[in-house]
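Numbering (my numbering), first residue to last: 4 to 184.
The structure appears right after this line, and notes come after that.
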């Protein structure tokens, strides 16, 4: 299937999940995160969940990573040019929900993408080669292209990866891993 069809289908599949099913899938992903070896990374970028899009709640993951003495980096979106800036999330960082429902840091130190060791990437669905379908604006593809070559990437997928995405292009970057239930 093509990205646009997959995007529509998996947004709908998220909406159809019961609260209990969503929480069970989410917990299985948390378990994979909690068992991952983070010993070789210090600066971890993670997305903050868009509640209205039923994204995985990443706050428990953030709490876990902080307990492991990791630096947490979150993004601020620029919808004029579909780019992200990256900011250190600290105890006193104020989060403001933007017009698209995305929590963003308001008073945080900016971080260069080259300083980031690992990125947790949001997605709607991925395939068996770890390509992903997001919301279609290319924010993360642009962001990952600006990172160093050895950046580690992990997608968080509520659903089992599909066989393939038909319309992969040269700007699509496969993830290193995808955690799914």
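For glycine and all other residues, C-beta sits at the position ideal for the given N, C-alpha and C.
Helix, strand or coil at residue i according to DSSP, with G and I counted as helix
| i | result |
| --- | --- |
| residue 44 | coil |
| residue 83 | coil |
| residue 159 | strand |
| residue 58 | coil |
| residue 146 | helix |
| residue 180 | strand |
| residue 50 | coil |
Cβ-Cβ distance between residue i and residue j below 8 angstroms
| i | j | result |
| --- | --- | --- |
| residue 113 | residue 90 | yes |
| residue 80 | residue 142 | yes |
| residue 78 | residue 87 | yes |
| residue 75 | residue 59 | no |
| residue 93 | residue 46 | no |
| residue 182 | residue 160 | yes |
| residue 20 | residue 128 | no |
| residue 158 | residue 132 | no |
Buried or exposed (CB count within 10 angstroms, at least 16 for buried), residue i
| i | result |
| --- | --- |
| residue 137 | buried |
| residue 148 | exposed |
Supposed close pair residue i, residue j - CB separation, criterion 8 angstroms
| i | j | result |
| --- | --- | --- |
| residue 169 | residue 4 | 6 angstroms |
Practice problem: Specify whether the region 46-54 and the region 122-132 touch according to this definition: at least 3 beta carbon pairs, one from each stretch, less than 8 angstroms apart. | Solution: yes
Quiz item: How do the region 140-154 and the region 92-99 stand: do at least 3 beta-carbon pairs fall below 8 angstroms, yes or no?
Solution: no
Quiz item: Do the region 31-41 and the region 9-22 touch if we need at least three Cβ pairs shorter than 8 angstroms?
Solution: no
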